[in-house]
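Asker: Quick one: this structure, given as structure tokens, is what I'll be asking you about.
In my numbering, the protein residues as written are 6 to 282.
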């Protein structure tokens with residue numbers, strides 16, 4: 006009798022569980038049917054937009070809202086192995102973990118803001134900025150950063166003599182002078198260079214130093230930051246991190262160019278007003 010009563014109890018519990026499960030499932034289905042379709046299905050514009058573009062358009066990254074958390078999420082704190090450590094980068098290193106140097110992002114944020122101020126002032130004074138990123142995977146972000154601030158870019162191999170022998174290297178690509186076609190074409194040099202991979206471009210750095218052109222460069226733990234003018238201690242192997250730094254510097258340069266345009270418009274209005282008087 007005991008076994009029968011136990012079997013009956015188990016069957017009764019099983020029937021109760023089935024009824025409650027069916028009831029909860031039916032109630033959930035009713036809620037889904039009552040919810041409008043526009044709340045469930047995203048709009049067609051969001052479906053057509055790439056995921057990468059959706060993330061970018063969520064929040065504009067500027068030097069003012071840059072935080073250590075964003076730098077950490079981009080992987081800019083990871084340095085190279087301690088066997089490749091450059092002793093001059095000791096002030097920028099937080100410590101080591103599993104044989105890898107960890108970069109102190111507090112210094113990265115400070116030096117990044119300083120580089121943004123330099124780029125903003127150069128653009129404010131009407132200077133030209135050259136972005137150089139020749140490492141595989143850096144081509145697209147280098148071109149995008151240059152387009153954002155209406156600058157120039159070198160996304161392929163750096164041609165030796167681009168700055169020191171510009172008439173021979175760049176003269177054939179420059180348009181001739183309409184007034185004097187026989188005259189050698191004019192070539193211009195950048196006022197600031199943003200170098201995303203300085204380790205692979207020692208010739209570009211040497212030419213910039215000969216022409217006294219300041220350099221903003223991402224310096225990892227295996228590179229001497231004293232070689233460039235404005236180093237930014239960060240991981241130069243992270244494409245996401247390099248893209249973040251390039252975009253922030255380009256945004257600062259764009260801000261400087263916009264302020265310059267405002268100042269020129271204001272001066273033009275004042276000159277017109279003074280002429281009327």
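Quick reminder that beta carbons are idealized off the backbone N, C-alpha and C, glycines included.
What you are looking at is a predicted structure, and each value in this text was computed from that prediction instead of being measured.
Considering just the uninterrupted stretch of the alpha helix (DSSP H) at residue 174, what are its terminal residues?
Answerer: 171-174
Asker: What is the C-beta distance between residue 254 and residue 120, in whole angstroms, given that I count them as a contact (C-beta under 8 Å)?
Answerer: Between residue 254 and residue 120 a beta carbon distance of about 6 Å is seen, short of the 8 Å cut, so the two are scored as contacting.
Asker: Mind checking residue 278: buried by the 16 CB within 10 Å criterion, or exposed?
Answerer: Exposed is the call here.
Asker: Determine the contact status of residue 221 and residue 247, defining contact as a CB-CB distance below 8 Å.
Answerer: no
Asker: Are at least three pairs of beta-carbons, each pair with one atom in the stretch 70-88 and one in the stretch 106-126, less than 8 Å apart?
Answerer: yes
Asker: Once the 5 residues before and after residue 111 are set aside, which same chain residues still bring their CB inside 8 Å of it?
Answerer: 73
Asker: If I follow the unbroken alpha helix (DSSP H) through residue 276, where does it start and stop?
Answerer: For residue 276, the uninterrupted alpha helix (DSSP H) segment begins and ends at 244-281.
Asker: Distance, Cα to Cα, residue 280 vs residue 268?
Answerer: 18 Å
Asker: Can you check whether the CB of residue 204 is closer than 8 Å to the CB of residue 228?
Answerer: Yes, the Cβ-Cβ distance between residue 228 and residue 204 is below 8 Å.
Asker: Within 10 angstroms of the Cβ of residue 8, are there 16 or more other Cβ atoms? Answer buried if so, exposed if not.
Answerer: Bear in mind that a pLDDT of 44 at residue 8, under 50, signals an unreliable position, so the model cannot answer this.
Asker: Just curious, the beta strand (DSSP E) that residue 127 is in, first and last residue?
Answerer: Where residue 127 is concerned, there is no enclosing beta strand (DSSP E), although the alpha helix (DSSP H) it sits in stretches over 110-129.
Asker: Output needed for residue 189: all residues of its chain with C-beta closer than 7 Å, excluding positions within five of it in sequence on either side, in chain order.
Answerer: 172, 176
Asker: Can you give the Cα-Cα distance for residue 252 and residue 184, rounded to whole angstroms?
Answerer: 40 Å
Asker: Check whether the stretch 136-156 touches the stretch 256-267, counting contact only when three or more Cβ pairs, one atom from each stretch, lie closer than 8 Å.
Answerer: yes
Asker: I need the straight-line Cα distance from residue 249 to residue 180, nearest angstrom please.
Answerer: 35 Å
Asker: With H, G and I counted as helix, E and B as strand and the rest as coil, what does DSSP make of residue 222?
Answerer: The answer is strand: DSSP assigns residue 222 an E or B state.
Asker: Who are the Cβ neighbours of residue 165 in its own chain at under 6 Å, not counting the five residues just before and after it?
Answerer: 208
Asker: Three-state secondary structure (DSSP) at residue 238?
Answerer: strand
Asker: Let me know if residue 70 comes out buried or exposed under the rule of 16 or more other beta-carbons within 10 Å of its beta-carbon.
Answerer: exposed
Asker: Taking the C-alpha atoms as reference points, what is the distance between residue 230 and residue 182?
Answerer: 41 Å
Asker: For residue 30, does the three-state DSSP call read helix, strand or coil?
Answerer: A caution first: residue 30 carries a pLDDT of 40, below 50, which makes its placement in the model unreliable, though a value can still be read off. Here residue 30 sits in helix by DSSP.
Asker: Can you list, in chain order, the stretches of the beta strand (DSSP E) that have 3 or more residues and sit fully within the stretch 71-112?
Answerer: 83-86, 98-102, 105-108
Asker: Using the Cα positions of residue 141 and residue 98, report the straight-line distance between them to the nearest angstrom.
Answerer: 27 Å
Asker: Out of 243, 270, 264, 211, point me to the one whose CA is closest to residue 78's CA.
Answerer: 243
Asker: Compute the distance between the beta-carbons of residue 206 and residue 163, then report whether it is under 8 Å.
Answerer: yes
Asker: Which of the three DSSP states, helix, strand or coil, is assigned to residue 56?
Answerer: Legend: pLDDT at residue 56 = 45, less than 50; position of this residue unreliable, value from coordinates given subsequently. Reduced to three states, the DSSP call for residue 56 is helix.
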